[in-house]
Amino acid sequence: MSVVNVTMAELHEKLAKCIAGERVLIDHEGNRFSGRIQHVGLTGLKVIPEAQIKNSTGDSGDIDGVAVTYDDIWELEVKGVVYSRQIDDA
24 MSVVNVTMAE LHEKLAKCIA GERVLIDHEG NRFSGRIQHV GLTGLKVIPE AQIKNSTGDS
84 GDIDGVAVTY DDIWELEVKG VVYSRQIDDA
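Residues are numbered in my numbering as their position in the sequence shown, beginning at 1, plus a constant of 23.
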């Protein structure tokens with residue numbers, strides 16, 4: 024797996040092209056967690072925390088995601104490449 028440092032704008036561009044299922048690292052309201060994209064919108068996305076996925080016993084559509092802004096996303100993993108937001112871009 025390779026890691027590519029990107030600017031916030033580049034990360035937003037990559038997120039806008041995602042459909043669902045990609046892994047992201049989120050820092051939302053002081054909590055940092057990994058999740059899977061459920062839905063991509065104009066100003067943010069809906070993600071399902073991976074802890075909820077692992078503990079789920081229901082059908083695949085039974086989990087409600089958490090709404091986060093693009094600014095809450097720190098990493099995006101697509102096809103074995105991790106796009107990581109540059110620290111000085113915070």
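The beta carbon of each residue, even a glycine, is placed where N, CA and C say it ideally should be.
Ile49 counts as buried, since at least 16 other C-beta atoms from the protein chains shown sit within 10 angstroms of its C-beta.
If you draw a straight line from the Cα of Lys102 to the Cα of Asn28, it comes to about 16 angstroms. Between Gly67 and the set Ala74, Gly58, Glu52 and His35, the nearest pair of CA atoms involves His35. Checking the DSSP bridge columns, you'll see Ala90 partnered with Lys69. Restricting attention to Ala74, Gly44, Gly58 and Ala43, the CA atom closest to the CA of Ile96 is found in Gly58.
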